[in-house]
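Each remark here refers to the structure printed beneath this line.
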Ligand SMILES: Nc1nc2c(ncn2[C@@H]2O[C@H](COP(=O)(O)OP(=O)(O)OP(=O)(O)O)[C@@H](O)[C@H]2O)c(=O)[nH]1
Ligand SMILES: [Mg+2]
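Numbering (our numbering), first residue to last: 2 to 315.
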């Protein structure tokens with residue numbers, strides 16, 4: 002049973018909301034490919050609407066403007082890649098978002114922040130590639146102050162550190178400095194370059210990461226990149242909530258909600274007219290004590306919940 006076309010249009014709008022034009026065009030093309038194969042009727046109209054949106058996104062490409070250093074949040078969350086020079090931040094941004102950025106085997110390749118969109122579970126998560134930080138950055142060494150100002154307003158910090166332990170003293174100093182300067186932003190740890198790391202170094206790296214949310218990867222071989230995507234998703238705290246129409250299976254595509262969302266937030270995200278008609282909601286999943294638990298509208302949802310709403314006639 003295909004998703005009704007109106008819900009599909011809403012879903013596509015949600016997916017492209019806040020995306021840079023180029024990413025919007027890509028997501029729209031993907032949506033087009035997923036459409037049921039009808040070219041007439043409501044789905045035909047939807048198809049023409051998407052075509053128009055793609056045309057708009059691709060002709061306005063030049064309209065983007067960023068301040069040289071500050072990058073405003075786009076998408077559902079912004080996560081900053083932070084670490085010492087040469088750790089592999091830009092390589093990771095490129096691997097996760099497809100955005101082409103300068104990569105070099107020398108320190109300070111990145112001189113201006115760059116951004117790209119990682120589409121995680123259908124939701125656009127903005128990643129920032131920042132210039133490498135060095136000890137003393139908080140006192141103005143390098144561009145430390147400007148980089149820290151950006152990190153203060155981001156939603157999550159992904160510390161990028163080399164798993165081969167090359168330059169590891171710097172990584173420690175940078176992490177301590179950032180955590181002292183920005184204590185409120187949640188963080189996680191990624192070890193890069195596992196392909197270069199001898200087993201003993203890897204073991205030592207993991208020992209050091211113990212107690213922190215972390216994962217290991219190589220952008221050279223691609224290994225571990227899915228783990229990094231999971232790590233970023235968990236870092237954002239975003240929730241995937243799957244609507245389930247009564248008597249039918251849950252939808253494949255989740256509604257993505259901000260951390261701390263309730264059943265009421267979910268209902269509002271589904272349809273603006275449903276709030277006044279909301280009857281009991283039944284939840285199955287991580288936030289439920291048992292499958293099909295009946296909950297109130299203030300019930301806090303968790304990532305992976307399935308919610309069945311009953312609506313009174315409007
Ligand atoms: N073998 C291997 N090399 C990597 C990996 N990730 C990055 N590199 C190499 O490490 C060097 C630094 O990578 P960048 O992505 O430019 O590092 P960065 O952290 O952005 O560096 P700055 O912009 O100078 O702060 C480059 O030569 C990359 O090709 C990896 O997973 N495996
Ligand atoms: Mg770089």
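Note that the Cβ used here is the ideal one computed from N, Cα and C, for glycine as well.
None of the values given here were measured: they were computed from a predicted structure.
Buried or exposed: which applies to residue i, given that a residue is buried once 16 or more other Cβ atoms fall within 10 Å of its Cβ?
i: residue 290; result: exposed
i: residue 73; result: exposed
i: residue 276; result: exposed
i: residue 171; result: buried
i: residue 79; result: buried
i: residue 59; result: exposed
i: residue 14; result: exposed
i: residue 71; result: exposed
i: residue 222; result: exposed
i: residue 198; result: buried
i: residue 24; result: buried
i: residue 173; result: exposed
i: residue 144; result: buried
i: residue 124; result: buried
i: residue 76; result: buried
i: residue 163; result: buried
i: residue 362; result: Absent from the structure is residue 362, since the part of the chain shown begins at 2 and ends at 315.
Measuring straight from C-alpha to C-alpha, what distance separates residue i and residue j?
i: residue 95; j: residue 83; result: 15 Å
i: residue 45; j: residue 138; result: 55 Å
i: residue 107; j: residue 168; result: 12 Å
i: residue 33; j: residue 182; result: 45 Å
i: residue 86; j: residue 249; result: 52 Å
i: residue 17; j: residue 273; result: 19 Å
i: residue 104; j: residue 115; result: 12 Å
i: residue 246; j: residue 307; result: 10 Å
i: residue 214; j: residue 48; result: 42 Å
i: residue 98; j: residue 252; result: 26 Å
i: residue 135; j: residue 56; result: 43 Å
i: residue 149; j: residue 177; result: 13 Å
i: residue 11; j: residue 29; result: 13 Å
i: residue 22; j: residue 209; result: 41 Å
i: residue 65; j: residue 26; result: Only weak support is given to the placement of residue 65: the predicted model assigns it a pLDDT of 41, under 50, and the question is left unresolved by the model.
i: residue 118; j: residue 286; result: 28 Å
i: residue 159; j: residue 292; result: 35 Å
i: residue 157; j: residue 81; result: 6 Å
i: residue 43; j: residue 53; result: 15 Å
i: residue 220; j: residue 141; result: 31 Å
i: residue 100; j: residue 300; result: 39 Å
i: residue 31; j: residue 271; result: 22 Å
i: residue 122; j: residue 146; result: 34 Å
So which of the options has the shortest CA-CA distance to residue i?
i: residue 284; options: 314, 315, 243 and 272; result: 243
i: residue 234; options: 164, 257, 143 and 91; result: 257
i: residue 260; options: 187, 204 and 228; result: 187
i: residue 288; options: 298, 273 and 305; result: 305
i: residue 1; options: 9, 221, 190 and 302; result: With the chain represented from 2 up to 315, any question about residue 1 goes unanswered, as that position is not in the structure.
i: residue 195; options: 26, 89 and 302; result: 89
i: residue 6; options: 35, 119 and 141; result: 35
i: residue 298; options: 269, 292, 264 and 286; result: 264
i: residue 302; options: 292, 267, 148 and 271; result: 267
i: residue 19; options: 100, 8 and 120; result: 120
i: residue 201; options: 165, 160, 91 and 153; result: 165
i: residue 161; options: 93, 255, 296 and 300; result: 93
i: residue 91; options: 193, 31, 180 and 53; result: 193
i: residue 9; options: 255, 140 and 294; result: 255
i: residue 240; options: 219, 153 and 126; result: 126
**Study point:** Contact between the segment 102-112 and the segment 124-134 (3+ Cβ pairs under 8 Å)
**Key:** As far as the Cβ criterion goes, the segment 102-112 touches the segment 124-134, which means the pair count is three or higher.
Point to revise | Given 8 Å, three or more beta-carbon pairs between the segment 261-280 and the segment 302-312 | key: yes
Practice item. Please determine if the segment 201-210 and the segment 224-233 are in contact, where contact requires at least 3 C-beta pairs separated by less than 8 Å. Key: no
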